[in-house]
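Working notes, structure below.
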Amino acid sequence: MSYEFIEYQDREMLVIDLANQLAGDLRQALSQRDRVGFAVPGGTSPGPVFDDLNTVDLDWSRVDVLLTDERWVPEDNPRSNTGLLRERLLINRAQAARYLPLYAPAEQPEGALEALQAPIAEELPLAVVLLGMGADLHTASIFPGADRLEEALSAKAPVLLPMRAPGAPEPRITLSAPVLNGALSKHVLIFGEDKRAALESARGKPVAEAPINAVLSEAWVHWAP
Ligand SMILES: O=C(O)[C@H](O)[C@@H](O)[C@H](O)[C@H](O)COP(=O)(O)O
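Set out below in structure tokens:
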């Protein structure tokens with residue numbers, strides 16, 4: 001698995017540097033294409049990166065922002081990743097970006113899947129992807145032990161899949177591994193000793209046990225204690 005592991009002195013340094021790198025990757029992609037797709041994770045880690053990115057000077061009006069995965073809860077639920085994006089990324093300069101949602105008010109993800117998938121499929125391949133990782137080695141909502149795991153990892157996977165997993169308290173919706181992997185540049189953000197040890201433990205494990213392995217090839221992994 002060839003990935004670049006970048007170790008930072010502290011989280012603040014990581015956030016500044018990662019936001020710069022993401023901005024650089026987006027600018028580079030914007031110089032080559034009319035529109036660029038930028039997928040980002042939810043959860044607790046990326047908030048400070050969003051705080052830095054939202055003031056970056058680039059042509060946000062040509063950027064399609066989307067989540068790598070979403071929890072199936074309304075936007076005003078504190079667990080909504082969309083809520084996090086609206087508060088911390090899609091503001092200031094980045095307000096000009098187009099947002100491609102992974103949630104619609106349907107009881108279950110299956111009820112909205114096709115409508116959510118269509119506009120995303122039009123913008124593939126993604127230009128830049130930022131991913132998180134859980135200590136159980138899931139990334140996006142591709143969890144070990146999840147009901148649609150095999151499909152999400154398959155080369156023939158659809159763009160989006162609903163996902164239910166023991167490690168996830170509510171149904172999820174996730175971009176599939178080939179969509180994440182198709183990005184021109186991939187970054188993984190992890191904080192803390194536990195996650196570093198978890199990532200090391202993933203080496204040599206089959207993807208079904210360590211879904212993070214499906215996206216690590218040629219990725220930049222950013223870590224701070
Ligand atoms: O909705 C989510 O939970 C995610 O997108 C998920 O894949 C996340 O990136 C990891 O679980 C890490 O989460 P933390 O940053 O909160 O540790």
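So that you can map any letter, position 204 of the sequence shown is 204 in the UniProt record's numbering, and since no number is skipped, the others follow by simple counting. Think of the CB as a built atom: it goes at the ideal place given N, C-alpha and C, for glycine as much as any other residue.
{"query": "Please list, in chain order, all residues of the same chain as Pro-105 whose beta carbon is under 7 Å from its beta carbon, the five residues on each side excluded.", "result": "Pro-74"}
{"query": "What residue range does the alpha helix (DSSP H) around Met-13 cover?", "result": "11–32"}
{"query": "Is the beta carbon of Asp-64 less than 7 Å from the beta carbon of Leu-100?", "result": "yes"}
{"query": "Could you please give the first and the last residue of the uninterrupted beta strand (DSSP E) stretch that includes Ala-162?", "result": "Reading off the sequence, residue 162 comes out as Pro, not Ala. Taken as a continuous stretch (DSSP letters only), the beta strand (DSSP E) holding Pro-162 covers 160–163."}
{"query": "Starting from Ala-156, follow its DSSP beta bridges and name the residues at the other end.", "result": "Looking at the sequence provided, one finds Lys at residue 156 rather than Ala. Paired residue(s): none; Lys-156 is not in a bridge."}
{"query": "What is the rounded straight-line gap between the Cα of Leu-58 and the Cα of Arg-27?", "result": "7 Å"}
{"query": "On the criterion of 16 or more Cβ atoms from any shown chain inside 10 Å, does Arg-203 qualify as buried, or is it exposed?", "result": "exposed"}
{"query": "Enumerated in chain order, which unbroken segments of the beta strand (DSSP E) with a length of 3 residues or greater are wholly contained in the segment 105–192?", "result": "128–131, 160–163, 172–175 and 185–191"}
{"query": "Whose CA, out of His-138, Ala-135 and Arg-164, lies closest to the CA of Arg-148?", "result": "Arg-164"}
{"query": "Is the CB-CB distance between Ala-127 and Leu-153 below 7 Å?", "result": "no"}
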